[in-house]
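Novice: There's a structure below that I have some questions on.
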Amino acid sequence: MTYNIRLLQVSSYCLMLVIPTVYAGVSFNPAFLAGDDNAVADLNYFASGSSLKPGSYKVDLYVNKTFIRNQSVRFEVGEKNEKDLQPVFTRKELEGLGVNVKSTHWTDDMQESDVLSLEKAMDDAHAIPDMDHLRLDLSIPQAALLNTARGYIPPEQWDQGINAFLLNYSVSGNKNYASSGEARSHFASIQPGLNIGPWRLRNNSSWSQNSNDSGSTSDWENISTTLERNVQSLEGELTIGDTSTQGTLFDSVPVRGVRLASDENMLPDSQKGFAPTIKGIAKSNAKVTIKQNGYTLYQTYVSPGAFEINDLFPTASSGDLQVSVLESDGSSSTFTVPYSTVTGLQREGHINYSFIAGRYRSASSEQSAPSLLQGTLFWGGGYGITLYGGMQYAEKFQSVSLGIGKNLGQLGAVSVDVTTAKSILADSSEHLGSSARFLYAKSLNDIGTTLNLLGYRYSTQGYYTFSDTTYKKMSGYNTPDTNKEEKDDKVDYADYYNLTYTKKGKLQVSVNQSLDSFGSLYISGTQQSYWHTDSKDNWLQAGYNTNIGDVSVGVSYSLNKYATQPNTDQVLALSFSLPLGKWLSTTGQDGRVKNNSYLSYSNSRDGEGHMTQNIGVNGTLLDDNNMNYSVQKSADNESSDAQGMISVGYRGTYNNLSVGYNNNGNNRQINYNVAGGAIVHRNGITFSQPLGDTNVLVSAPGASGTNLENNSGVKTDWRGYAVVPYASTYRLNRIALNTASLDKHVDLESNVVNVVPTKGAVVRAQFDARVGIRAIITLMKDGHPLPFGTIVTEGDSGAGGIVGDDGQVYLTGLPLKGKIRAQWGGNNTQQCSAPFNISQSEVNKSITDFTLLCQVN
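Structure representation (structure tokens):
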């Protein structure tokens, strides 16, 4: 059994205060404690110097000063000194700690259940228990450890999770009131899923509706359906259904088929190495919509000024993202966020692979769905060199690519590759062309410069990509069913394609510059040129951020222009943010600052001279900072009507809620958003905040209403269950219950559980909650208190403790009715029992106290 170490420690430490350590055979007479031999239990075990009994205890385990995990470890009496407890391990437990068992003294005739101390298992190894702090340090020679990377977690510790049904949902919308009439818009996204063993079935669908006085339209989209599982032996993942090709060598395209590819998340952090962050500028309270491959992935509402979105729901593909900003006055702007990185360098001997077979899948009716076979392979050779290549094969398209990458040490990293492709276009014309790409990345730590990406691609006139060959016509719009005259011209530029203007040169750059105490600069841009025209696509984002005292200051600039677009979209913005926490914030019991609030101001001006100013206050409320609010006021130089906005959001146990109201004089708008998740498992259904791809189901029956540490708004439901979303895959996740929020009749064996989930898993974090009465019981026998040091247990609940002065013992988790058993020696006459029945009047007390008469069994 695993002992309640806290109770044993408290009780045994009391004993150790009055029982000195035995030296050179000098013994201590326990009768001195009370002047009566019968008033003191048999304390020989504790008198030997031991503060804890042999058994299993949950401790924080460290190997060579590196934290491994919190786990139960078995302790036995030391061979050299009986007063010392020493940890012992099975063969499997040592393997789980990264020990090369072949280097130990384990013999073939030993059983799997046999245990050895660390000193017996291998030479020059020793254990240092610190039971005061529930910590166990193991010192193991490097030669006895497996040659694993820093942060490596053995696959044996990976948790495939439980069988469960998952549902993620998000519903948002708005209603506009204007002099011309009313308009309504609604958007819903659901992601149902099913986990059975290592298999994960997922679906992503959305529904949208727009209506006004003229009528309404609605649309349902099945964005993707996939069946996935990890393949540990190949350090990869098998995907069946709607997925995408790898985008590191060829352009990423959506495919419905089968893919087997490396999963770098299976590697430790020291062995792997980006996710797109969307930055932009809104001139007013605007709606931001993000699309990929024609599908709407994300929709939110932002305040005037610079915005940043870094919480996109995981998608099946990388590739360029189309970002649309719809302003409150009906105007819109669209820009593209390229998503490409330096071709991944591989460590020596490591292979990264991706193979896919299926049919091209696009939301545009302008494109066909040809079959595609693609494979890519990256191999890490010696001297920091990576060799890579790939092929694509379709009926009207064949392509081969070869490249080399090199880690140049202090000079950065570089890669060069050449792709040759043969294509047949919609007009049946045949083309043969090549494209060469150069990529470079470098961090100049001495001057604080990070060159995230510098890249250039040059393509000949006859070079086309696979997606080019899927078009049914040589030019047109990706959304031809929409009347162009009713569309915003800027949206048309993003939708328009013309295969006559083949891509020529593409320059990409992304730089961050730290200025130490003076702030930081960033710049990111792309320029795409075309054959047969001098026009280019240009996209640029730049900014400067700093702090002046407590005030945060930011300046940002945005430029966007498509080749067919006559005008350039430009926005320059200035923003200030002043924390009001010095005067308004408070500090909670846990020491965290709560209810922060900020005063903000922004001023933006576009290339046409349109200027917008905005001032507002935003902050958080409630003890867990899980309610947020924002009050904004804005005005522009082209309208006499100022615009006001107020919004409130709440992150609860079962969902996230937000509502907002805008008023600019002529128009009023109400918007809302409700998002949440649910997991159906063998113990019922648990509702939660929006789920991540990988989640943790907290199971603590009896501990209802308990907060989860570092998870705002997350607490256990009435049954003691909760969901921690967005767990890190193949990494140690620390799940902790906040003991300060426990009910007065609930105690935990341990408030921390560590889990290592595989991708897409729902792993269970099981907590042992002891529910019952806390009581100080005075035990009497024959008119006298039970002897000091008597061991006391309660049969049904398993509660236990050690009697202190005056026959008193502190027990937790007691039922209302039960029986106390006490033992202070080895004889039958040195044990007794006492039934108890706690009245309802005592239940509401934090700690109750009563006296029991103990009878010899």
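When we follow my numbering, the leftmost residue of the sequence shown carries the number 710, and every step to the right adds one. Backbone N, C-alpha and C fix where the C-beta goes; we use that ideal spot for every residue, glycine too.
1) Going straight from the alpha carbon of Tyr1435 to that of Asn1305, what length do you get?
2) What residues match up with Glu1057 in a beta bridge as DSSP calls it?
3) Within this structure, are the beta carbons of Leu1086 and Ala1066 separated by less than 8 Å?
4) Taking the DSSP output, what are the residues bridged to Thr1502?
5) Is Leu1054 near Gly1099, with beta carbons less than 8 Å apart?
6) Output the residue ranges of the alpha helix (DSSP H) runs that lie fully inside the segment 1242 to 1293 and measure 4 residues or longer, sorted by chain position.
7) Quick one: what's got a C-beta closer than 8 Å to Val1455's C-beta in the same chain, skipping five residues either side?
8) Identify the continuous beta strand (DSSP E) that holds Gly1522 and give its terminal residues.
9) By the 10 Å Cβ neighbour count, where 16 or more other Cβ atoms means buried, how is Pro1399 classified, buried or exposed?
10) What is the C-beta distance between Gly950 and Arg965, in whole angstroms, given that I count them as a contact (C-beta under 8 Å)?
11) Sort out for me which residues DSSP pairs His1140 with in a bridge.
12) When the Cα atoms are used, what is the spatial distance from Ser1037 to Thr1188?
13) Let's see if you can read the secondary structure: which residues bound the alpha helix (DSSP H) around Arg800?
14) Within a Cβ cutoff of 6 Å, which residues of the same chain sit near Ala733, ignoring the five residues on either side of it in sequence?
15) Helix, strand or coil for Gln1008, going by three-state DSSP, please let me know.
16) Could you spell out where the beta strand (DSSP E) holding Ala1344 opens and where it closes?
17) How should Asn1512 be labelled, buried or exposed, when 16 other C-beta atoms within 10 angstroms of its C-beta is the threshold for buried?
18) Can you list, in chain order, the residues of its chain with a C-beta nearer than 6 Å to that of Trp1533? Leave out the 5 residues immediately preceding and following it.
19) Rounded to whole angstroms, what's the CA-CA distance from Ser1238 to Ser1110? Just pull it up for me.
20) Name the residue from Tyr1338, Leu1096, Ala1543 and Thr1362 whose alpha carbon lies nearest to the alpha carbon of Val1407.
21) Look at Asn1372 and Gly1353 and say whether their C-beta atoms are less than 8 Å apart.
22) Under 8 Å, do Gly1429 and Ala1409 count as touching if we go by C-beta distance?
23) Would you list the residues sitting across from Gln1322 in a DSSP beta bridge?
24) Looking at Gly1214: is its Cβ nearer than 8 Å to the Cβ of Gln1170?
25) When DSSP builds the beta bridges, which residues end up paired with Asp809?
26) Excluding the 5 residues preceding and the 5 following Ala1474 in the sequence, name in chain order all residues of the same chain whose CB lies nearer than 8 Å to its CB.
27) Taking Asp846 as the reference, give the member of Leu806, Gly787 and Leu1230 with the closest Cα.
28) Which same chain residues end up closer than 7 Å to Pro763 when comparing Cβ atoms and leaving out the 5 residues on each side of it in sequence?
29) Count the CB pairs spanning the segment 889 to 903 and the segment 1416 to 1427 that are closer than 8 Å, and state whether there are at least three.
30) If we ignore side chains and look at the alpha-carbon of each, how far apart do Asp1197 and Tyr1205 end up?
31) What number of angstroms, rounded off, separates the C-alpha of Phe1285 from the C-alpha of Gly1374?
32) Between the C-alpha atoms of Ala873 and Glu865, what's the straight-line distance to the nearest angstrom?
33) If you check the beta carbons only, do Ser781 and Lys767 fall under 8 Å apart?
34) Excluding sequence positions up to five away, which residues of its chain have a Cβ less than 6 Å from the Cβ of Gln1076?
35) How many Å lie between Ala1025 and Ala970 at the Cα?
36) In terms of alpha-carbon separation, which member of Thr1095, Ala1431, His1319 and His1390 lies closest to Ala1122?
Specialist: If we stick to the structure as given:
1) 25 Å
2) Answer is none; Glu1057 lacks a bridge partner.
3) no
4) Gly1509 and Arg1530
5) no
6) 1290 to 1293
7) Gly1411, Ala1412, Thr1415, Ala1478, Arg1479 and Val1480
8) Gln1517 to Leu1523
9) buried
10) 7 Å
11) Ser1132
12) 24 Å
13) Arg800 to Gly805
14) Its pLDDT being 40, under 50, Ala733 is placed unreliably by the model, and the measurement read from it follows with that caveat. Here the set comprises nothing.
15) strand
16) Met1336 to Asp1345
17) Sequence check: residue 1512 is Val here, not Asn. Result: buried.
18) Ala750, Pro1496, Thr1499 and Gln1539
19) 22 Å
20) Thr1362
21) yes
22) yes
23) Asn1312 and Ala1344
24) no
25) Correcting the residue identity first, residue 809 is Asn in this sequence and not Asp. None; Asn809 has no bridge partner.
26) Val1405, Leu1406, Val1407, Ser1408, Val1433, Ile1444, Val1462 and Val1464
27) Leu806
28) Phe784, Glu785, Val786 and Leu794
29) no
30) Note that Asp1197 scores 45 on pLDDT, short of 50, meaning its location in the model is unreliable and no value can be drawn from it.
31) 26 Å
32) 22 Å
33) yes
34) Thr1179 and Tyr1180
35) Low local confidence applies: a pLDDT of 38 at Ala1025 is under 50, so the model's placement there is unreliable, and no value is given.
36) Thr1095
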